[in-house]
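J.:
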Amino acid sequence: MTNHRVDVALGDRSYSVLVGHGVINQLEELLPKSAKRAVVITQNNIVLQPELKIPSTTVVIGDGEEHKNLQTIEMLSQKFAEFGLTRNDVVVGVGGGMVTDIAGFAAASWHRGTPVVHVATSLVGMVDAAIGGKTGVNIAQGKNLVGAFWQPSGVLCDLDALKTLPQREMRCGLGEVAKYHFLTGDDLLALEMPERIARCVEIKAKIVAADERESGSRALLNYGHTLAHALERSSNFSLAHGEAVAVGMIFAAHVAHAMQRIDQARVDEHYRVIGQTYGLKVKPDEKIDRHALINLMKHDKKAISGLTFVLDGPSGIEVVAGVTEAHLSQAFDAMQLIEK
Ligand code: GLY
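Residues 2 to 341 in our numbering are what the sequence shown spells out, letter by letter.
Shown next as structure tokens:
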């Protein structure tokens, strides 16, 4: 079986992402040579676990967004201290996006920066979260508000993990894959799973290499995310990230239409691709409160000056300032959501 290797080119911090069945067995080759011990961070429901030759300990963290917080980072730091983890050692995050975000942040802050390797076990983790060094946790005021850019030393996307991935989580991953469809125009569903994941990693790797700290083009990866984050928070995370991103891209298409950046045919294409091709929800089942959502969108951490959106347009998808509440209201009207 062919495995794929995609490099994230970041000078002396460049690293490889290995995609394929059984790549977890290649973990040793991604560990920093200096590492004499490892702390593996994972969750109870993660079946895939690495076997390490160096001494290691495993710390299990809670499942669910409510555990993605600073208390978990403190607990992990105490475990690192008890185990005697040094900044020459390594943290290994084994799990979905939540685990790799937490493991990455714990590693970034331990001794002001300790290497981390991610073993992504969900589709979202493989095509997005584990790649590119965004790490962090939530606080009461919002998602991922505390964090750091901390690039891993390597990433493994072991497709064996997808065999037991619940369907809903698979759909969430497809939300991010559909995002790459709009960013590149690639027919990603035409590819077999290993090639599809490798291609998504390649698309993200290129964007991260060009703009590691999101001062420009990396923001395009947030297509559909402004409404998505607001929907996730207002539903108390009952709407999962990938599902919310799918709805968020439909909303973004309507906002772009309200601003006369795209025509109705392109809005329809968003419905076709997201709803039919990818089989994702194009609107939430629950009632929404548009005023609460607009308020949350105004306070999105990406909104540096007023409402900033990633929108489709005549020159493709780009970051657009100058979106008004009237545009958002027009988009909500057009989506015909059930309102509170
Ligand atoms: N998930 C968006 C990014 O990594 O920039």
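Where a beta carbon is used, it is the ideal one built from N, C-alpha and C, also for glycine.
Since this is a predicted model, take the numbers as computed values, not measurements.
Is the beta carbon of Glu215 within less than 7 Å of some heavy atom of the ligand GLY?
T.: Along the sequence shown, read from residue 1 onward, the residue named residue 215 stands at position 214. Glu215: yes, Cβ under 7 Å from the ligand GLY.
J.: Let me make sure I understand the geometry here. Which of Ser57, Gly243, Asp8 has the alpha-carbon closest to that of Asp90?
T.: Indexing the sequence shown from 1 puts residue 90 at position 89. Relative to the Cα of Asp90, the nearest Cα in the group Ser57, Gly243, Asp8 belongs to Ser57.
J.: Would you identify the three-state DSSP class for Arg6, choosing helix, strand or coil?
T.: Translated into positions along the sequence shown, residue 6 becomes position 5. Looking at Arg6 - three-state DSSP - the assignment turns out to be strand.
J.: Compute the Euclidean distance between the alpha carbons of Lys80 and Ala39, then round it to the nearest angstrom.
T.: As a working note, residue 80 is residue 79 in the sequence shown. As a working note, residue 39 is residue 38 in the sequence shown. When rounded, the distance between both Cα atoms is 11 Å.
J.: Quick check: Ile132 and Val202, are their CB atoms within less than 8 Å of each other?
T.: Within the sequence shown, numbered from 1, the residue matching residue 132 stands at position 131. Within the sequence shown, numbered from 1, the residue matching residue 202 stands at position 201. Yes, the Cβ-Cβ distance between Ile132 and Val202 is below 8 Å.
J.: Is it right to say Gly85 is buried, meaning 16 or more other beta carbons lie within 10 angstroms of its own, or is it exposed?
T.: Walking along the sequence shown from the start, residue 85 turns up at place 84. With fewer than 16 other Cβ atoms within 10 Å, it is exposed.
J.: I think His230 touches Asp301, with their Cβ atoms under 8 Å apart; what is that distance to the nearest whole Å?
T.: Mapped onto the sequence shown, residue 230 falls at position 229. Mapped onto the sequence shown, residue 301 falls at position 300. With a Cβ gap of about 6 Å, His230 and Asp301 count as contacting.
J.: Tell me whether the beta-carbon of Leu294 lies closer than 8 Å to the beta-carbon of Leu228.
T.: Here residue 294 refers to the residue found at position 293 of the sequence shown. Here residue 228 refers to the residue found at position 227 of the sequence shown. Yes. Within cutoff.
J.: Examine the ligand GLY and report whether any of its heavy atoms sits within less than 7 Å of the Cβ of Arg219.
T.: Locating residue 219 in the sequence shown gives position 218, where the first residue counts as 1. For the ligand GLY, at least one heavy atom lies less than 7 Å from the Cβ of Arg219.
J.: By the three-class DSSP mapping on this structure, what secondary structure does Ser316 have?
T.: For the purposes of this step, residue 316 is taken as the residue at position 315 of the sequence shown. Note: Ser316 maps to coil in three-state DSSP.
J.: Could you check how far apart the C-beta atoms of His271 and Ala254 are, in whole angstroms? I think they sit under 8 Å.
T.: Position 270 of the sequence shown, counted from the first residue, corresponds to residue 271. Position 253 of the sequence shown, counted from the first residue, corresponds to residue 254. His271 to Ala254, Cβ: 4 Å. Contact.
J.: Return the Cβ separation of Val320 and Ala220 in integer angstroms, given the expectation that the two are a contact with Cβ distance under 8 Å.
T.: Taking the first residue of the sequence shown as position 1, residue 320 is located at position 319. Taking the first residue of the sequence shown as position 1, residue 220 is located at position 219. About 5 Å separates the CB atoms of Val320 and Ala220; that is less than 8 Å, so the two are in contact.
J.: Please state if the CB of Val95 and the CB of Thr43 are separated by a distance shorter than 8 Å.
T.: Against the sequence shown, residue 43 aligns to sequence position 42. Against the sequence shown, residue 95 aligns to sequence position 94. Yes. Within cutoff.
J.: Can you list, in chain order, the residues of its chain with a C-beta nearer than 8 Å to that of Glu233? Leave out the 5 residues immediately preceding and following it.
T.: Mapped onto the sequence shown, residue 233 falls at position 232. Excluding residues within five positions, the ones whose Cβ falls inside 8 Å are Lys144, Leu240, Ala241, His242, Ala245.
J.: Could you give the C-beta distance for His5 and Ala199, rounded to a whole number, given that I count them as a contact under 8 Å?
T.: Looking up residue 5 in the sequence shown gives position 4. Looking up residue 199 in the sequence shown gives position 198. Right, the Cβ-Cβ distance comes to about 4 Å (below 8 Å), so this counts as a contact.
J.: Got a sec? Which residues, its chain only, sit under 8 Å from Met171 by beta carbon, not counting five neighbours each side?
T.: Locating residue 171 in the sequence shown gives position 170, where the first residue counts as 1. Hits under 8 Å: Leu124, Leu163.
J.: At 3 residues or longer, and completely inside the segment 9-63: list those beta strand (DSSP E) runs for me, N to C.
T.: 16-21, 39-43, 57-61
J.: How about Leu222: is its Cβ closer than 7 Å to a heavy atom in the ligand GLY?
T.: Within the sequence shown, residue 222 is the residue found at index 221, counting from 1. Checking every heavy atom of the ligand GLY against the Cβ of Leu222, one is found closer than 7 Å.
J.: Per DSSP, His119 forms a beta bridge with which residues?
T.: Within the sequence shown, residue 119 is the residue found at index 118, counting from 1. Beta-bridge pairing links His119 to Gly94, Val156.
J.: Where in the segment 184-259 do unbroken runs of the alpha helix (DSSP H), each at least 4 residues long, occur, reported from the N-terminal end onward?
T.: 194-211, 226-235, 242-259
J.: Who are the near neighbours of Asp8 in its chain, counting only those whose CB is closer than 8 Å to its CB and skipping five residues on each side?
T.: The residue you call residue 8 lines up with position 7 of the sequence shown. Only Ser15, Tyr16, Ser17, Val18, Ala206 meet the Cβ criterion.
J.: Using only CA atoms, which one of Asp286, Asp129, Ala149 lies nearest to Trp111?
T.: Within the sequence shown, numbered from 1, the residue matching residue 111 stands at position 110. Nearest C-alpha to Trp111: Ala149.
J.: Using 8 Å as the threshold, is the segment 45-55 in touch with the segment 21-32, meaning 3 or more CB pairs across them?
T.: As far as the Cβ criterion goes, the segment 45-55 touches the segment 21-32, which means the pair count is three or higher.
J.: Thinking C-beta only, is Ala121 closer than 8 Å to Cys158?
T.: Walking along the sequence shown from the start, residue 158 turns up at place 157. Walking along the sequence shown from the start, residue 121 turns up at place 120. Contact: yes.
J.: Does the ligand GLY have a heavy atom nearer than 7 Å to the CB of Asp129?
T.: On the sequence shown, position 128 is the one that residue 129 refers to. Yes; taking the cut-off as 7 Å, the Cβ of Asp129 has a heavy atom of the ligand GLY nearer than that.
J.: Considering Leu281, what are the terminal residues of the alpha helix (DSSP H) in which it resides?
T.: Residue 281 sits at position 280 when you count from the first residue of the sequence shown. Unbroken run through Leu281: none, as it is neither H nor E.
J.: Would you kindly check if the distance between the Cβ of Glu67 and the Cβ of Asp129 is under 8 Å?
T.: Sequence index remark: in the sequence shown, residue 129 carries index 128 (1-based). Sequence index remark: in the sequence shown, residue 67 carries index 66 (1-based). Result no, Cβ atoms of Asp129 and Glu67 do not sit closer than 8 Å.
J.: DSSP state of Glu340, grouped into three classes?
T.: For this step, residue 340 is matched to residue 339 along the sequence shown. Three-state DSSP puts Glu340 in a strand.
J.: Quick check: does the Cβ of Lys180 come within less than 7 Å of any heavy atom belonging to the ligand GLY?
T.: Sequence index remark: in the sequence shown, residue 180 carries index 179 (1-based). No, the beta carbon of Lys180 sits no closer than 7 Å to any heavy atom of the ligand GLY.
J.: Would you check if the distance between the CB atom of Gly314 and the CB atom of Ala266 is smaller than 8 Å?
T.: As a first step, residue 314 must be located in the sequence shown, where it is residue number 313. As a first step, residue 266 must be located in the sequence shown, where it is residue number 265. Taking 8 Å as the Cβ cut-off, Gly314 and Ala266 do not qualify as a contacting pair.
J.: Which residue's Cα is closest to the Cα of Gly126: Glu213, Asp13, His182, Ile47?
T.: Stepping through the sequence shown from its first residue, residue 126 is reached at position 125. Closest by alpha carbon: Ile47.
J.: So, with DSSP's three-state summary, where would you put Ile140?
T.: Position 139 of the sequence shown, counted from the start, is the residue given in the question as residue 140. DSSP places Ile140 in strand when its eight states are reduced to three.
J.: At which residues does the alpha helix (DSSP H) containing Gln265 begin and terminate?
T.: On the sequence shown, position 264 is the one that residue 265 refers to. Start and end: 265-272.
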